[in-house]
Amino acid sequence: MTSSTPGKHLASMRDATPLVQCITNYVAMNVAANVLLAAGASPAMVHSVEEAGEFAAFAGALTINMGTVSPDWADGMKSAADSAAAAGRPWVLDPVAHMATSYRRKVVTELLDLRPTVIRGNASEILALGGGNSSARGVDTKDDVAAAEDVARQLALSRQCIVAVTGRTDFVTDGTRTAHIDGGSAWMPRVTALGCSLTCLVGAYAAVEPDAFTATTAALAHFAVAGELAERDVSGPGSFAVAFLDALASVDGRTLDDKARVRLS
Amino acid sequence: MTSSTPGKHLASMRDATPLVQCITNYVAMNVAANVLLAAGASPAMVHSVEEAGEFAAFAGALTINMGTVSPDWADGMKSAADSAAAAGRPWVLDPVAHMATSYRRKVVTELLDLRPTVIRGNASEILALGGGNSSARGVDTKDDVAAAEDVARQLALSRQCIVAVTGRTDFVTDGTRTAHIDGGSAWMPRVTALGCSLTCLVGAYAAVEPDAFTATTAALAHFAVAGELAERDVSGPGSFAVAFLDALASVDGRTLDDKARVRLS
Amino acid sequence: MTSSTPGKHLASMRDATPLVQCITNYVAMNVAANVLLAAGASPAMVHSVEEAGEFAAFAGALTINMGTVSPDWADGMKSAADSAAAAGRPWVLDPVAHMATSYRRKVVTELLDLRPTVIRGNASEILALGGGNSSARGVDTKDDVAAAEDVARQLALSRQCIVAVTGRTDFVTDGTRTAHIDGGSAWMPRVTALGCSLTCLVGAYAAVEPDAFTATTAALAHFAVAGELAERDVSGPGSFAVAFLDALASVDGRTLDDKARVRLS
Numbered sequence: 011m012t013s014s015t016p017g018k019h020l021a022s023m024r025d026a027t028p029l030v031q032c033i034t035n036y037v038a039m040n041v042a043a044n045v046l047l048a049a050g051a052s053p054a055m056v057h058s059v060e061e062a063g064e065f066a067a068f069a070g071a072l073t074i075n076m077g078t079v080s081p082d083w084a085d086g087m088k089s090a091a092d093s094a095a096a097a098g099r100p101w102v103l104d105p106v107a108h109m110a111t112s113y114r115r116k117v118v119t120e121l122l123d124l125r126p127t128v129i130r131g132n133a134s135e136i137l138a139l140g141g142g143n144s145s146a147r148g149v150d151t152k153d154d155v156a157a158a159e160d161v162a163r164q165l166a167l168s169r170q171c172i173v174a175v176t177g178r179t180d181f182v183t184d185g186t187r188t189a190h191i192d193g194g195s196a197w198m199p200r201v202t203a204l205g206c207s208l209t210c211l212v213g214a215y216a217a218v219e220p221d222a223f224t225a226t227t228a229a230l231a232h233f234a235v236a237g238e239l240a241e242r243d244v245s246g247p248g249s250f251a252v253a254f255l256d257a258l259a260s261v262d263g264r265t266l267d268d269k270a271r272v273r274l275s
Numbered sequence: 011m012t013s014s015t016p017g018k019h020l021a022s023m024r025d026a027t028p029l030v031q032c033i034t035n036y037v038a039m040n041v042a043a044n045v046l047l048a049a050g051a052s053p054a055m056v057h058s059v060e061e062a063g064e065f066a067a068f069a070g071a072l073t074i075n076m077g078t079v080s081p082d083w084a085d086g087m088k089s090a091a092d093s094a095a096a097a098g099r100p101w102v103l104d105p106v107a108h109m110a111t112s113y114r115r116k117v118v119t120e121l122l123d124l125r126p127t128v129i130r131g132n133a134s135e136i137l138a139l140g141g142g143n144s145s146a147r148g149v150d151t152k153d154d155v156a157a158a159e160d161v162a163r164q165l166a167l168s169r170q171c172i173v174a175v176t177g178r179t180d181f182v183t184d185g186t187r188t189a190h191i192d193g194g195s196a197w198m199p200r201v202t203a204l205g206c207s208l209t210c211l212v213g214a215y216a217a218v219e220p221d222a223f224t225a226t227t228a229a230l231a232h233f234a235v236a237g238e239l240a241e242r243d244v245s246g247p248g249s250f251a252v253a254f255l256d257a258l259a260s261v262d263g264r265t266l267d268d269k270a271r272v273r274l275s
Numbered sequence: 011m012t013s014s015t016p017g018k019h020l021a022s023m024r025d026a027t028p029l030v031q032c033i034t035n036y037v038a039m040n041v042a043a044n045v046l047l048a049a050g051a052s053p054a055m056v057h058s059v060e061e062a063g064e065f066a067a068f069a070g071a072l073t074i075n076m077g078t079v080s081p082d083w084a085d086g087m088k089s090a091a092d093s094a095a096a097a098g099r100p101w102v103l104d105p106v107a108h109m110a111t112s113y114r115r116k117v118v119t120e121l122l123d124l125r126p127t128v129i130r131g132n133a134s135e136i137l138a139l140g141g142g143n144s145s146a147r148g149v150d151t152k153d154d155v156a157a158a159e160d161v162a163r164q165l166a167l168s169r170q171c172i173v174a175v176t177g178r179t180d181f182v183t184d185g186t187r188t189a190h191i192d193g194g195s196a197w198m199p200r201v202t203a204l205g206c207s208l209t210c211l212v213g214a215y216a217a218v219e220p221d222a223f224t225a226t227t228a229a230l231a232h233f234a235v236a237g238e239l240a241e242r243d244v245s246g247p248g249s250f251a252v253a254f255l256d257a258l259a260s261v262d263g264r265t266l267d268d269k270a271r272v273r274l275s
């Protein structure tokens, strides 16, 4: 890929309306489903160990977010990740606050061993995954994306996956290729679960575009452009959240290519 | 009933402010509670097997949605359904994606045996319940409401319940009487959990109106008219969701009778 | 405290961006997180018994809401409350519908014994906690705040905590001092989980202001003023919910001091 064409991937994703199995946290479930529906995908929240693996075998992609994880949910996550891997389907890991408690550190270790296709986190989470120092306390981030780039690159190489670090400027890498995506809105960290929802959107693009680096970059560009479009005329985090869903739905391929600010290298 | 008077039933429902116990999925809980509050009912999300049955004995109606079901929730559902039936209270089943996995097929069989008063689903779900073929993969529907009418009628007769198939045009039957309801908005399938919320609203009407066919038809008419009113001046699924709650609250009995497009036979 | 200065406490809270651990119900999680982010705090929804206690030891405050409680969640609640108390951190109890079922009555008794710093409920819940009669059926309230004032005062003295009764006019007491807070909007009871979210906001203020009576009063004043500001130009519960988040974020210390209607005695 020598140039960024997120608009083409948006159109392909909408044409396919991929079925995305999201095992996400309680806070994010509704928002994530609305983000996928607005963007043009088909969300399915299926988490129970009794069926998560069976479902993952026919979903287009799987996303796993450990925001409100507990042991029974972790069992469903592992079963689904196993099944997605066996079926050759992409799966995306969102290691929310994985460094906050010993239980969470155990869960993230088990999930990483199931070989995610993409890992998406904030700078603090990616730094901590790579063994770096992080100043964060939990779900919030105290670190800059730029500070996590080296760690992200090493993590991508060692885990053979795509790593996406999101923040003011997003960074995506497969260990060799890199993309920086500008855009978004200062309101985004003031609305809960948008990062979690972005993880699910990465799944939607990855269900359709086989190159996970390209898919991830396109999903992040879609999100960033929608954020930028949404912040016109909003007066706070409540109205931003509403306008953001509208913008995710209304942006088309041409607008996306026109507005996206992606630097590849 | 020879003519449709949903406005009268709306007024009765609001006067009674029925307490509706909703055992629904994680995605829908917040939306469903807001739909009931906007419409004029009083929602209570009580699902744990430790108390679901005790609560169902004094709630006005019970609604059960298996969207994110797991074994402990299924136990609460069955306990509540048993208790509602014993107390002579109506209960509404929403068999979300019941054909998607073997676990789900087991759960829906157990719930059906507890004799729901109303079953509400999309065309794919109702077709699959009746043993028909369905082209759907999960929570989305690939089938038309019209294609499910015969199966719905047979299901209503064999299960001695009301069956509602919702989509572009809704269909309600008790096996003999039928109603078609037009209206709604093309934005509705782009907002998550509206169908799940409609199931809860059917519970609110059924708590007050003893004829469950009439109650279901009135609830669907209320929803359809609110959808139609809401879509004026919205610019996407985010703003539609907001306007829809406003419209559910603002529509009064006279407007409902005036705008509802119900065909009875 | 001889006069009310909620604006000063708002500014302190925003400066500190306190990490508030919220163990709340499924309906409220998303709203509560958005309320805290809009107001200026940092929410963390961490409930599992595997980590709730560990997390509570470093969170600024803990809030516990039993709206959709089940045994595994109750274990996490008790572990977190123990840990918060041991670490000298404030914790706030929201005893949702604790009188509705025998299971709930058992849970609330156990939580009360863990010595909450603040209890916030509606009039029916506080009356029932104090052993008084209540006419409520569940999560709704049939009782006036004024009717619960004596019970609230006795409860505050016997439990050595702050008691806040919220409704049209809010009442806060430590058993000796009292505050009445006017404001809010008639739309507030038509939007689900706002009371639950207020409980979390009380936690945010209590994480920063050591006098829990003052902290609680300031949080309630912030909420009431935001409600009053939000209801201008809204057309129903959907648009109110959006405007309310905007108002929580936009109100500054000066506006809060100017608009707050707090009567101390």
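Chains as they are written, first to last, in this note's numbering: chain A, 11 to 275; chain B, 11 to 275; chain C, 11 to 275.
Glycine included, each C-beta is placed from N, C-alpha and C at the ideal position.
- For the pair C/Ala-216 and C/Pro-100, the Cα-to-Cα distance works out to about 6 Å.
- Under the Cβ criterion of 8 Å, C/Asn-40 is counted among the residues facing chain A.
- For A/Ala-43, the closest Cβ of chain C is not nearer than 8 Å.
- Burial check for C/Asp-262: the Cβ neighbour count within 10 Å stays below 16, so the residue is exposed.
- The beta carbon of C/Leu-72 sits closer than 6 Å to the beta carbons of Gln-31, Ala-66, Ala-90, Ala-94, Trp-101 from its chain, once the five residues preceding and following it are set aside; these are given in chain order.
- Within the region 199-221 of chain C, those residues whose Cβ lies closer than 9 Å to any Cβ of chain B are, in chain order, Pro-199, Arg-200, Val-201, Thr-202, Ala-203.
- For B/Thr-179 and A/Val-212, the gap between their C-alpha atoms comes out near 34 Å.
- Taking the Cα positions, A/Ala-69 is about 5 Å away from A/Leu-29.
- With fewer than 16 other beta carbons inside 10 angstroms of its own, A/Asp-25 counts as exposed.
- Interface annotation for the region 186-199 of chain A against chain B: empty, criterion Cβ-Cβ distance under 8 Å.
- In the structure shown, B/Gln-164 falls within a helical segment according to DSSP collapsed to helix, strand and coil.
- Beta-bridge annotation (DSSP): A/Trp-101 is paired with A/Leu-72.
- At a cut-off of 8 Å between beta carbons, B/Pro-81 contacts chain A.
- According to DSSP, residue pairing for C/Pro-126 in a beta bridge does not occur.
- With a contact defined as Cβ atoms closer than 8 Å, B/Val-235 and B/Leu-266 qualify at about 6 Å.
- B/Asp-160 counts as exposed, since fewer than 16 other C-beta atoms from the protein chains shown sit within 10 angstroms of its C-beta.
- When DSSP assignments are scanned along the region 36-92 of chain A, the uninterrupted stretches of beta strand (DSSP E) that are 3 or more residues long and fall wholly within it turn out to be 52-54, 71-75.
- For C/Thr-183, the secondary structure class from DSSP, reduced to helix, strand or coil, is strand.
- Annotation note: the region 176-223 of chain B contains the following uninterrupted beta strand (DSSP E) runs of length 3 or greater, listed N- to C-terminal: 180-183, 188-192.
- The residues Ala-228, His-232, Gly-263, Leu-266, in chain order, have a CB closer than 7 Å to that of B/Leu-20 in the same chain once the five nearest residues on each side in sequence are set aside.
- Residue-level contact by beta carbon fails for A/Leu-72 and chain B, as no gap is shorter than 8 Å.
- Judged by their CB atoms, C/Asn-75 and C/Ala-107 are not nearer to each other than the 8 Å cut-off.
- With a threshold of 8 Å between beta carbons, B/Arg-114 makes contact with chain A.
- In the three-state scheme derived from DSSP, where H, G and I count as helix and E and B as strand, A/Ala-110 is classed as coil.
- In terms of beta-carbon proximity, B/Ala-110 lines the interface with chain A, with at least one pair separated by less than 8 Å.
- Proximity of B/Thr-78 to chain A, defined by a Cβ-Cβ separation below 8 Å, is satisfied.
- By the Cβ neighbour-count rule, A/Glu-120 is exposed, with fewer than 16 other Cβ atoms within 10 Å of its own.
- At a C-beta separation below 8 Å, A/Ser-245 has these neighbours in chain C: Asp-256, Ser-260.
- Counting C-beta atoms within 10 angstroms of its own C-beta, B/Arg-200 has 16 or more neighbours from the protein chains shown and is therefore classed as buried.
- Within chain A, the residues Pro-199, Arg-200, Val-201, Thr-202, Pro-247 have their CB atoms less than 9 Å from the CB of C/Leu-47, given in chain order.
- Put simply, of C/Thr-127, C/Asp-154, C/Arg-125, C/Pro-126 the residue whose alpha carbon is nearest the alpha carbon of C/Glu-135 is C/Asp-154.
- Exclusion of the five residues before and after C/Thr-183 leaves Ala-162, Arg-163, Ala-166, Val-173 as the residues of its chain whose Cβ lies within less than 6 Å of its Cβ.
- Between B/Ala-222 and B/Val-128, the C-beta gap is smaller than 8 Å, which places the two residues in contact.
- DSSP places C/Arg-242 in no beta strand (DSSP E); its state is neither H nor E.
- When secondary structure is reduced to three states using DSSP, A/Ala-96 falls in the helix class.
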